[in-house]
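Colleague:
Residue numbers (my numbering): 2 to 439.
#1: Contact check, residue 274 vs residue 309 under 8 Å by CB: the rounded distance?
#2: Around the C-beta of residue 191, are 16 or more other C-beta atoms found within 10 angstroms, so that it is buried, or is it exposed?
#3: Taking the alpha carbon of residue 318 as the reference point, which residue from 96, 48, 342, 72 has its own alpha carbon closest?
#4: Is the CB-CB distance between residue 311 and residue 348 below 8 Å?
#5: Of all the beta strand (DSSP E) runs that stay within the bounds of the stretch 157 to 193, which reach a length of 3 or more residues?
#6: I'd like the list of long-range same chain contacts for residue 290, defined as Cβ closer than 6 Å, with 5 residues on each side in sequence excluded.
#7: Which class does residue 25 belong to by DSSP, given the choice of helix, strand or coil?
#8: Return helix, strand or coil for residue 375, following the three-state DSSP convention.
#9: Kindly give me the distance between the Cβ atoms of residue 188 and residue 170, rounded to whole angstroms, as I take these residues to be in contact under 8 Å.
#10: Looking at C-alpha atoms only, which residue of 167, 185, 166 is the closest neighbour of residue 175?
#11: Let me check understanding here. Comparing Cα to Cα, which of 210, 413, 172, 233 lies closest to residue 85?
#12: Answer yes or no: do residue 386 and residue 438 have a C-beta to C-beta separation smaller than 8 Å?
#13: Going by DSSP, name the residue or residues bridged to residue 326.
#14: Do you know offhand how far residue 117's Cα is from residue 106's?
#15: Counting only the same chain and skipping the five closest in sequence on each side, list residues whose C-beta sits under 7 Å from that of residue 365.
#16: I need the DSSP call for residue 54, collapsed to helix, strand or coil.
#17: For residue 91, count neighbouring Cβ atoms within 10 angstroms of its own Cβ and tell me buried if that reaches 16, exposed if not.
#18: Could you tell me which residues DSSP puts in a beta bridge with residue 291?
#19: Is it the case that the stretch 366 to 386 contacts the stretch 126 to 133, given that we only count it when at least three CB pairs across the two stretches are under 8 Å?
#20: In terms of residue numbering, what span does the alpha helix (DSSP H) encompassing residue 121 cover?
#21: Look up residue 313 in the DSSP assignment and give the residues it is bridged to.
#22: Within its chain, find whatever has a CB closer than 6 Å to the CB of residue 63; leave out the 5 residues flanking it on each side and keep chain order.
#23: Would you mind reading off the limits of the beta strand (DSSP E) that contains residue 65?
#24: Can you tell me which residues form a DSSP beta bridge with residue 419?
#25: Which of helix, strand or coil does DSSP assign to residue 343?
#26: Which two residues bound the contiguous beta strand (DSSP E) that contains residue 208?
#27: Please state if the CB of residue 427 and the CB of residue 212 are separated by a distance shorter than 8 Å.
#28: Determine whether the beta carbon atoms of residue 202 and residue 222 lie at a separation below 8 Å.
#29: Starting from residue 352, trace the beta strand (DSSP E) in both directions and tell me its first and last residue.
#30: Out of 58, 430, 420, 166, which one is the CA nearest neighbour of residue 321?
#31: Just to confirm before moving on: does the CB-CB distance between residue 227 and residue 336 stay below 8 Å?
#32: Pick from 143, 281, 53: whose alpha carbon is nearest that of residue 156?
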C-alpha cells in the first residue's frame with residue numbers, strides 16, 4: 002500500500018490547479034432551441050423532425066443530447082435520431098436511429114391468461130394524460146394517438162421531458178500526503194417518459210440520458226392488481242386478503258426493447274461478444290483472468306452469463322485516441338421466463354427487416370414461413386444492419402403492499418459508452434492531461 006501512495010505522490014497535481022468543480026445544467030428545450038453558431042464545417046443534421054417533435058438538452062459539463070420522437074399506434078413512444086455531443090466534440094455523435102418498446106409479454110402462473118400488452122391489449126391507445134406534478138420542472142408535450150379508438154382521446158398531453166438530479170457524476174479525492182483537492186461533480190439526467198394504461202396495469206416507459214453518454218431505459222409497472230385474478234391457490238399466488246384468502250395470481254412481465262443503432266450515422270455497425278474466464282493458479286496465488294473477443298457476424302440468440310457482455314461498434318467512427326466508438330449493452334436484473342421460445346434468451350441480434358417490429362405477436366406479415374416472434378428470425382443470416390432486441394423479465398409474486406395503488410417495480414438495462422470519447426467527457430480541465438500513462 003505504501004508503494005501505491007508513493008507512486009501517486011510522484012504524480013502530484015499542482016496546488017494552483019486544485020479547485021473543486023461543480024457541474025451546472027442549462028434549461029430544458031423541447032422544441033426549437035437557441036444554439037450557438039456552428040463552427041465550419043457545419044455538423045450534419047441529426048434531428049430529422051419538425052420543432053414540435055424535437056428534444057434538445059444541454060447537461061452538466063456541456064454535454065448536449067438531441068433526438069426526435071414520434072408516437073406509434075401500437076408501440077407507443079418511439080425515439081429517433083438520438084445523438085450525443087460532449088464538450089470538445091465538434092459535431093453530434095449519432096448513437097441510435099430508433100429505440101422503442103417491442104413487447105410486454107404477461108403470462109400468468111396458473112396458465113389461465115397470457116397477454117401481449119403491446120400488440121394485443123391496446124397499449125398505445127391507453128396513453129395517459131400527464132399531470133403537471135408528474136413532470137416537475139419539465140415540459141409536457143401533446144401527443145397525437147394514431148387511429149385513436151376514442152375520438153376524445155386522439156390528442157393527449159402525455160409526454161414529459163425534464164431533468165432530474167442523479168447525485169455524483171464522479172469523484173476523485175487526494176491520497177495521503179498529496180497536495181491538491183477533491184474533484185467531484187453533481188449531475189443531472191435528461192428524462193423522457195410516458196405512461197400507458199393496459200387493463201389494471203399502468204406502465205411508465207422511461208428513457209434517461211446522462212452527461213457522460215450513458216443511456217438508461219426502463220419500464221415501471223404500477224396501477225393495481227387485477228381483482229379478477231384473486232383466484233389462485235398456494236404456489237400459484239399470494240394471499241392479500243384477510244387471512245389465507247384472495248390469492249392474487251403470480252405472473253411475469255417480460256419486457257422487450259428494439260434498438261436500431263446508427264453509430265456515427267452508419268447502419269452497418271458491428272457486434273462483438275466478450276467472455277472472461279478465470280483460471281485458478283497453484284500455490285494460493287491470485288487467479289488469472291483472460292478475456293476473449295468474438296465477432297458476431299451472423300444472427301445470434303444470446304444469454305447473459307458470468308463475465309459476458311456485448312457491444313455494438315461503429316464501423317466508421319473513432320475517438321481521439323484512435324479507438325472505434327461503441328456502446329456496451331448492460332442488462333439489468335432479470336427473471337428469465339422459459340415458457341416460450343422468444344423469452345428463452347436475454348438478447349437477440351437479427352438482420353434488419355422493416356416488417357420485424359415486435360418480439361412476439363408481430364403484427365406485420367413478413368412472408369410465408371418467417372414466423373411472428375424474434376426467436377424465429379435468428380436463422381444464421383449475416384449481420385449487415387444489425388437490430389438489437391433486449392429481453393428483461395420480472396416475476397411478480399404479489400404482496401400486501403401492492404394494494405393500492407401498487408408501488409412501481411422497475412425492469413430495464415443500460416447502454417454504456419465504450420471508447421466514444423478518449424477520456425471521461427466530464428474530466429476537469431486540471432486533469433485533462435491524464436490520458437494513459439502520464
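All C-beta atoms in this analysis are idealised placements derived from N, C-alpha and C, irrespective of residue type, glycine included.
Modeller: Taking the coordinates as given:
#1: At roughly 7 Å, the Cβ-Cβ gap stays under 8 Å, so residue 274 and residue 309 are in contact.
#2: Counting C-beta atoms within 10 angstroms of its own C-beta, residue 191 has 16 or more neighbours from the protein chains shown and is therefore classed as buried.
#3: Nearest C-alpha to residue 318: 96.
#4: Yes.
#5: Qualifying beta strand (DSSP E) stretches: none in this window.
#6: Within the same chain, residue 290 has close Cβ partners 277, 279.
#7: Low per-residue confidence applies at residue 25: pLDDT is 36, beneath 50, and the placement is therefore not dependable, though the value from the model is reported in the following sentence. DSSP, reduced to helix, strand and coil, places residue 25 outside both helices and strands of the structure shown, so it counts as coil.
#8: It is helical.
#9: About 3 Å separates the Cβ atoms of residue 188 and residue 170, confirming a contact at the 8 Å cut-off.
#10: Here the closest residue by C-alpha is 185.
#11: Checking every option, the nearest Cα to that of residue 85 belongs to 210.
#12: Pairing residue 386 with residue 438 gives a Cβ-Cβ distance that is not under 8 Å.
#13: Answer by DSSP bridge pairing: none, since residue 326 is not bridged.
#14: If you draw a straight line from the Cα of residue 117 to the Cα of residue 106, it comes to about 5 Å.
#15: Result list for residue 365: 356, 358, in chain order.
#16: In the structure shown, residue 54 sits in a helix (DSSP, three-state: H, G or I).
#17: That one is exposed.
#18: Partner(s): 278.
#19: Note that the stretch 126 to 133 does not touch the stretch 366 to 386; fewer than 3 beta-carbon pairs, one per stretch, sit closer than 8 Å.
#20: In this chain, the alpha helix (DSSP H) harbouring residue 121 covers 118 to 121.
#21: Residue 313 pairs with 272, 328.
#22: Excluding positions up to five away in sequence, the list reads 88.
#23: Following the DSSP letters along the chain, one finds residue 65 inside the beta strand (DSSP E) bounded by residues 65 to 73.
#24: By DSSP's assignment, residue 419 forms a beta bridge with 327.
#25: Judged by DSSP in its simplified three-state form, residue 343 adopts helix.
#26: Where residue 208 is concerned, the enclosing beta strand (DSSP E) starts and stops at 202 to 210.
#27: Contact flag set, yes.
#28: In terms of Cβ geometry, residue 202 and residue 222 form a close pair [threshold 8 Å].
#29: That run of the beta strand (DSSP E) goes 348 to 352.
#30: Per the Cα distances, 420.
#31: Inclusion of residue 227 and residue 336 in the CB contact set at 8 Å is not warranted, their separation being larger than that value.
#32: Ranking the options by Cα distance to residue 156, first place goes to 143.
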